[in-house]
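Here is the structure we will look at, set down as structure tokens.
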Amino acid sequence: MYKHRLPRLLIFAIGILLSGRGQFVLALPAVPTDACALPEKPAGSPEETAWQIFVAINCKVANQQLTWETWKTQACLNNPADCNVRRLHGSVLRAANTKESTSHHPRRTGACSAMTTKDTADPSLAPFVPANLNEKEKEKPQFCEEVTINASEEAYATRKGLLTNAGQMTFLQSGGTISFPTGAVEVKADWVAASSYNGSVTFDCKSPNTTTIYQEKIGDICYALTGMHISSKLYPKWLWATFEPQNKATNPNRCNPDLYNVCYDPWGSVPAKSKGKKTKISLELAALFDKAGTALDPSFRNYRLVGTQTAFDQPAVSHANLGNSFVEFNAGVKPGQASCITCHNYAQRAISGAAAGSTPGGLPPDGSAAVDNPTPLPTTYKSLDFSWLLGLGVPSQ
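Quick note on numbering: the sequence shown equals residues 1 to 397 in the UniProt record's numbering.
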């Protein structure tokens, strides 16, 4: 089963000849000293780096929150009164796609978003609508979202005055270049409640099934974590990574190349390439999980990396497509049109001319490339360093 992994295992596994016995002892794969600490530099590959970040941010802290849940949410960076009680909000990407943006965005007091259903799906997405959605009730299926940033990203944005659109304009018009520090990390997490399904799906936060999907009570509702995007500035154009649970009930389209892309993880998955069937974890990933110990909920062992990007033409195996079958699908992104890095490249703000102060609206502009190399914007636009947090996630003033 591990024949194709032998060259890499030989790097990690050192044969130690025991004196007089003619036996070899294999050393365990190398893992970080503290699996619950964010890496300070890239690991041996983008995939390994992505997993190190995933494990670190999902370690529980003293109050039983996941590490990333203790970070500031984008919706209350400049609305501190809105942060007294933790609340979920809707998908800003879906609001951009459906032209539904309201004054509630980016405030997290805004309602959660409608899921993509048979009644609402674009024709290109209709074949992928899950059959188990609860579309008969008055309350249509919904999903909720959170976006948080770590202290490094927050401190930079605060120091440069970037937490309002007006502040960004002042900074850019004065000749400033927005470039987040290498320690910056951003997380987008999507949640769903069992009420969005037809009765065949149940979640129990009091006694969760720790072999399938992470569950958490938020407010009075038990939610399951159905998708997670991670972006890290450890790479010049950021590292983009997305994860999903191996759970057909909530993520039936995971790794489906007809929707977005196959899954490709040569570091953590066996086999490395898959189209939706369950995969096993590598020895290296198992060692990382073990290092985190009880700080990491066992359910996270059933999550898989969909893929990574550090350049516009990645992943090569999916012709530069990278999308999450829950996050992007429910945001209304059409098949074959998902690329985290390309989309975020359009996070730019015009500093002069008729469009001064505007951004492309959270999507590639009409006629622009959605995957692979992006279409250049007019020279009046200045980069927000791939950050839709700055483009859409902060108030005007």
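Glycine included, C-beta positions come from ideal geometry on N, C-alpha and C.
On a predicted model such as this, the values are computed, not experimentally measured, just so you know.
Residue i: buried (16+ other C-beta within 10 angstroms of its C-beta) or exposed?
i    : result
T284 : According to the sequence provided, residue 284 is Glu. The question's Thr does not apply to it. Label assigned to E284: buried.
K118 : exposed
C59  : buried
R87  : buried
K382 : buried
D258 : exposed
A194 : buried
P123 : exposed
Closer than 7 Å by C-beta to residue i: which residues in its own chain qualify, once you throw out the five before and the five after it? Chain order, please.
i    : result
V31  : A287, L288, K291
R21  : Caution is warranted here: a pLDDT of 46 is assigned to R21, below 50, making its placement in the model unreliable, and no coordinate value can be reported.
N321 : Y260, N261, G336, A338, S339, V371
A331 : S91, L93, R94, N97
P252 : P130
G323 : Y260, N261, V333, A338
K277 : none
How many Å lie between residue i and residue j at the Cα?
i    : j    : result
A155 : A62  : 23 Å
L366 : P298 : For the record, residue 366 in the displayed sequence is Asp; it is not Leu. Taking the straight line from one Cα to the other gives about 43 Å.
Q64  : P378 : 47 Å
L296 : D313 : 33 Å
P29  : V270 : 16 Å
K3   : A311 : Reliability of the predicted coordinates at K3 is poor, the pLDDT of 43 falling under 50, and the value obtained from them is presented with this limitation in mind. Roughly 30 Å between the two C-alpha positions.
A126 : T33  : 47 Å
S113 : G227 : 15 Å
W238 : N345 : 10 Å
F143 : V192 : 5 Å
E135 : Y223 : 18 Å
Q207 : T120 : The amino acid occupying residue 207 in the given sequence is Ser; Gln does not appear at that position. So the two alpha carbons sit approximately 34 Å from each other.
S179 : D385 : 6 Å
T279 : H229 : 20 Å
Starting from residue i, trace the alpha helix (DSSP H) in both directions and tell me its first and last residue.
i    : result
P46  : 46 to 58
D290 : 283 to 292
Q173 : 165 to 173
E244 : Note, E244: premise wrong, no alpha helix (DSSP H); beta strand (DSSP E) at 239 to 245.
A96  : 92 to 97
V147 : No alpha helix (DSSP H) holds V147; the beta strand (DSSP E) holding it covers 142 to 149.
E328 : 327 to 330
Residues in its own chain within less than 6 Å of residue i by CB, not counting five upstream and five downstream?
i    : result
L38  : A56
L234 : P42, T182
V185 : N150, S232
L363 : A96
L163 : L77, N78, A157, V394
Of all the CB atoms in chain C, is at least one closer than 7 Å to the CB of residue i?
i    : result
N253 : Here there is only one protein chain, and chain C is not present.
In the DSSP assignment, find the unbroken beta strand (DSSP E) run with residue i in it and report its ends.
i    : result
E186 : 185 to 193
S231 : 221 to 232
Y381 : 381 to 383
I341 : Note, I341: premise wrong, no beta strand (DSSP E); alpha helix (DSSP H) at 340 to 345.
V306 : 303 to 309
I218 : 215 to 218
Q348 : 348 to 350
Keeping to the same chain, check which residues put their C-beta closer than 8 Å to that of residue i; ignore five residues upstream and five downstream.
i    : result
E100 : R94
W71  : T148, I149, N150, A151, E154, V187
T202 : A194
Inset, instruction - Check whether the segment 164 to 179 touches the segment 197 to 213, taking contact to mean three or more Cβ pairs, one atom from each stretch, closer than 8 Å. - result: No: fewer than three Cβ pairs fall under 8 Å.
Inset, instruction - Flag this pair as touching only if the segment 385 to 395 and the segment 350 to 365 have three or more C-beta atom pairs under 8 Å; answer yes or no. - result: Segments in contact, yes.
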